[in-house]
Amino acid sequence: MRTAMSKRKKIIMKLCMYLGYLLIAAIFIGPIVFLFVSSLKPYAQIESDMSNIRAFIPYGDLSLDNYINVIVKADFFKFFKNSVVVTIIFVLLAPTITAMIGYALG
């Protein structure tokens, strides 16, 4: 009798643990889903959907116009090139400098 109760408790504890994991995952993934879905909607539709769960659901007038506007109007490739250059410089310099610092400390 005692082992059946302990098995049942273990199953319930595991179920509660997995539900907790799902809740934490939803908390972290929810904003990413919202950002992606909102990026496909026009501004007026985003404003009207903010008061309910429809903000997370892709429906209505979905298009890639927001992405096209960013690329065309904001000179996206210039900023992207600058980011790539800075990243390459730091990726090459950081290991070199930290290796020298590690050698000096050692």
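In this note's numbering, the protein residues as written are 941 to 1046. Beta carbons: idealized from backbone N, C-alpha and C, even for Gly. Keep in mind it's a predicted model, so treat the numbers as computed, not measured.
Q: Look at the Cβ atom of F996, then the Cβ atom of V1012, and state whether they are nearer than 8 angstroms.
A: no
Q: Could you pull out every residue in the same chain whose Cβ sits closer than 7 angstroms to the Cβ of P998, ignoring the five residues on either side in sequence?
A: V977 and L980
Q | Residue range of the unbroken alpha helix (DSSP H) whose run includes K981 | A | Where K981 is concerned, there is no enclosing alpha helix (DSSP H), given that its DSSP letter is neither H nor E.
Q) In three-state terms, what does DSSP make of P998? A) For P998, the three-state secondary structure derived from DSSP is coil.
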